[in-house]
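Heads up, the thing below is written out as structure tokens.
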Amino acid sequence: MTMTPTITFHGAAGSVTGSCFLVRHAGGALLVDCGMFQGSKSVQELNYRDFPFDPTEPSVLLLTHAHIDHSGLIPKLYRHGFAGKVIATHGTADLLTFMLPDSGFIQESEVRRLNRRNRQRGGREVEPIYTQADAERALSRIRAIDRDVWVDMEPGVRARFWDAGHILGSASIELELPGEEGPVRILFSGDIGPGDKPFHGDPAGPSRPDWLVVESTYGGRDRPVVTAAERRAQLGAELKEALARGGPVLIPAFAVERTQELLYDLDLLFDEGVLPTVQVFLDSPLAIHVTRVFDRHLPEINAAGTPAPFSRRNLHLTEDVEASKRLNRITGEAIIIAASGMCEAGRIRHHLKNNLWRQSATVLLVGYQAPATLGRLLQEGVSRVRIHGEEVQVRARIRTLDTYSGHADRGHLLRWTLDRLPVSGGIFVVHGEEQERVTLKGGLTEAGIDAAKIHIPALDSQWQLTARGARPVEATAAPRAITAAKDWHNDYAATMLALSEKVRAEKDDAAREALLAKVKAALGM
13 MTMTPTITFH GAAGSVTGSC FLVRHAGGAL LVDCGMFQGS KSVQELNYRD
63 FPFDPTEPSV LLLTHAHIDH SGLIPKLYRH GFAGKVIATH GTADLLTFML
113 PDSGFIQESE VRRLNRRNRQ RGGREVEPIY TQADAERALS RIRAIDRDVW
163 VDMEPGVRAR FWDAGHILGS ASIELELPGE EGPVRILFSG DIGPGDKPFH
213 GDPAGPSRPD WLVVESTYGG RDRPVVTAAE RRAQLGAELK EALARGGPVL
263 IPAFAVERTQ ELLYDLDLLF DEGVLPTVQV FLDSPLAIHV TRVFDRHLPE
313 INAAGTPAPF SRRNLHLTED VEASKRLNRI TGEAIIIAAS GMCEAGRIRH
363 HLKNNLWRQS ATVLLVGYQA PATLGRLLQE GVSRVRIHGE EVQVRARIRT
413 LDTYSGHADR GHLLRWTLDR LPVSGGIFVV HGEEQERVTL KGGLTEAGID
463 AAKIHIPALD SQWQLTARGA RPVEATAAPR AITAAKDWHN DYAATMLALS
513 EKVRAEKDDA AREALLAKVK AALGM
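All letters in the sequence shown, in the order written, are residues 13 to 537 by the working numbering.
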């Protein structure tokens, strides 16, 4: 039997999250990644919907890395009938041991909080996307493999994993499957690292694939070339200035890789005397577990050979809730690292609520902030935010340090892609906001690649991978939509904050009553 392979982009198309690609071929079907949508509440709602494909159809799932926007819907996939194996590197498999159950715990906790509010308001209760128990059951289906070797997936299909240099265990996946005129090779970049990182070398990959699926998170942006030493010096300068203000420094950080890089560099900055030996609190159970995984893998990833970078007397691992609450008493010099990196969930939101109103406090953003997230709002300079339903004035100093990005910038992505040439079939640009994808396509075209061979797929679009090039397939169902900019949830919060400020600014109670009367009249109340 011969069949033209197809690829359907069920995520990371028009956004940087929800990575999920369904590949059909003569022998069946498989998935590459099955990630959670992250960002605004409207985007997150996609996670609660049914999968736009039959979860029982794929026979195997190949995973590029452990980040939740690439792996976070795996337990839901099993919950809805998937019966295959998840194939990943050893590092990724070790990280998932903690990350998936933690994600399930977060789903349950957030739904409990939401349902409590819904009951109070007379609203409808909802179910979690999946539970911690669902996630723990999924772990038994993960198969860990080595990089750089071909592994048979099913008859006529094999895969090889290459070091992507992004996080521990991250990989670009080279896939070979049957086609009408012989084997077809597709290379999925996964998330590409920038090189010169404490735990990774430069990203690798094969040349001459038939098809290339490349990420574009920073496809429209060039960052200054910064060495590891320069990056550490910038961190030291930011923290030295922040601590001089006398208040705590809050660092929202992704639990995987970013946290460990920060601890690694803090270790050196303290030893070099660049920073005073202040107390550092790692307030994230997941980040603590992940740090222990990194510790086990240090012999293979610690290129600089720094001894015990995660063990210091002034480093405190805050695992239980009560210990986390006690951090709210800190008003002086200290560094608190907590998840989530975009300030959308986790313990960092409690610390922000407790400290954003303090002029002595500093919030140091060290990672990508997706549109409409609390982290992006702070980055954009809003004066007030709502956290856990409460209004908080932003008086803290907000700083951004983007040299810790785990993603390649435009120049690195262009070089990595050009090193893969020639690509006989075509290139799909994914995992980026629309302008980033368009800009990266423009850069590839300027580098001499035929623009007709470079495609920007829409969410849920399907393409046939023919011998003459990619051909879009007419959709049989309405595709889902992603609203990357502010959605109604953000507009509602901003409107309520603006109304609150306007009412308080009126000269007296009579003026406030008059203003509220106008609002009620406009609403027909």
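By construction, the Cβ of each residue, glycine as well, lies at the ideal position given by its N, Cα and C atoms.
Note that this is a predicted model, so its numbers are computed, not measured.
DSSP, read as helix, strand or coil, puts arginine 129 in helix. Per DSSP, reduced to three states, the secondary structure at glutamate 188 is strand. Judged by their CB atoms, leucine 187 and valine 161 are not nearer to each other than the 9 Å cut-off.
Taking a cut-off of 8 Å for Cβ pairs, the segment 124 to 137 and the segment 180 to 198 do not touch, as fewer than three such pairs fall below it. Membership of alanine 256 in any alpha helix (DSSP H) is not indicated, and neither H nor E is assigned to it by DSSP. Asparagine 366 counts as buried, since at least 16 other C-beta atoms from the protein chains shown sit within 10 angstroms of its C-beta. Closest by C-alpha distance to leucine 298, out of Glu345, Met111, Pro260, is Met111. For proline 484, the uninterrupted beta strand (DSSP E) run begins and ends at 481 to 485, by DSSP. Burial state of arginine 129 is exposed, judged by a 10 Å Cβ sphere holding fewer than 16 other Cβ atoms. By the criterion of a C-beta distance shorter than 8 Å, valine 515 is surrounded in its chain by Arg524, Leu527, Leu528, once the five residues flanking it on both sides are discounted. Under DSSP, the beta-bridge partners assigned to glutamate 227 are Val442.
Between proline 218 and histidine 424, the C-beta spacing is not below 9 Å.
The DSSP-derived three-state label of lysine 97 is strand.
Around the C-beta of threonine 239, fewer than 16 other C-beta atoms lie within 10 Å, and the residue is accordingly described as exposed.
Minimum Cα-Cα distance from isoleucine 468 among the listed residues Ala373, Val441, Glu458, Ile347 corresponds to Val441. When secondary structure is reduced to three states using DSSP, methionine 537 falls in the coil class, being assigned neither helix nor strand. Under DSSP, glutamate 403 forms a beta bridge with Arg398. A direct Cα-to-Cα measurement between glycine 285 and proline 321 gives close to 16 Å. Boundaries of the alpha helix (DSSP H) harbouring valine 55: 53 to 56, taken from the DSSP string. Secondary structure in the segment 313 to 365: the alpha helix (DSSP H) runs of 4 residues or longer, each lying completely within the stretch, are 333 to 338 in chain order.
In this structure, Ser83 is the residue among Ser83, Asp462, Tyr90, Ala267 with its C-alpha nearest to the C-alpha of alanine 100. Ranking Val378, Asp66, Val397, Asp222 by CA distance to the CA of alanine 384 puts Val397 first. The segment 210 to 217 makes contact with the segment 265 to 282: 3 or more CB pairs, one atom from each, lie closer than 8 Å.
Contact between the segment 192 to 205 and the segment 225 to 234 is present, with at least three C-beta pairs closer than 8 Å. With contacts defined as CB atoms closer than 9 Å, isoleucine 154 and valine 196 fail to qualify as a contacting pair.
Glutamate 166 is bridged by DSSP to Val169. A Cβ-Cβ contact shorter than 9 Å links tyrosine 416 with arginine 243. When secondary structure is reduced to three states using DSSP, alanine 38 falls in the coil class, being assigned neither helix nor strand.
Counting the other Cβ atoms within 10 Å of the Cβ of serine 395 gives fewer than 16, which makes it exposed. Counting C-beta atoms within 10 angstroms of its own C-beta, lysine 88 has 16 or more neighbours from the protein chains shown and is therefore classed as buried. If the five residues before and after glycine 93 are omitted, its C-beta is found closer than 7 Å to the C-beta atoms of Pro67, Thr68, all from its own chain and listed in chain order. In the displayed model, proline 67 falls within coil according to three-state DSSP, outside both helix and strand. Just measuring C-alpha positions, the residue of Ile494, Val450, Gly418, Lys252 sitting nearest alanine 267 is Gly418. Cβ-Cβ separation between glycine 232 and arginine 422: approximately 6 Å, consistent with a contact (criterion under 8 Å). Ranked by how close their Cα comes to the Cα of lysine 453, the residues Ile466, Leu386, Gly259, Ala420 have Ile466 in first place.
Spanning the alpha carbons of alanine 470 and leucine 34 requires a straight line of approximately 14 Å.
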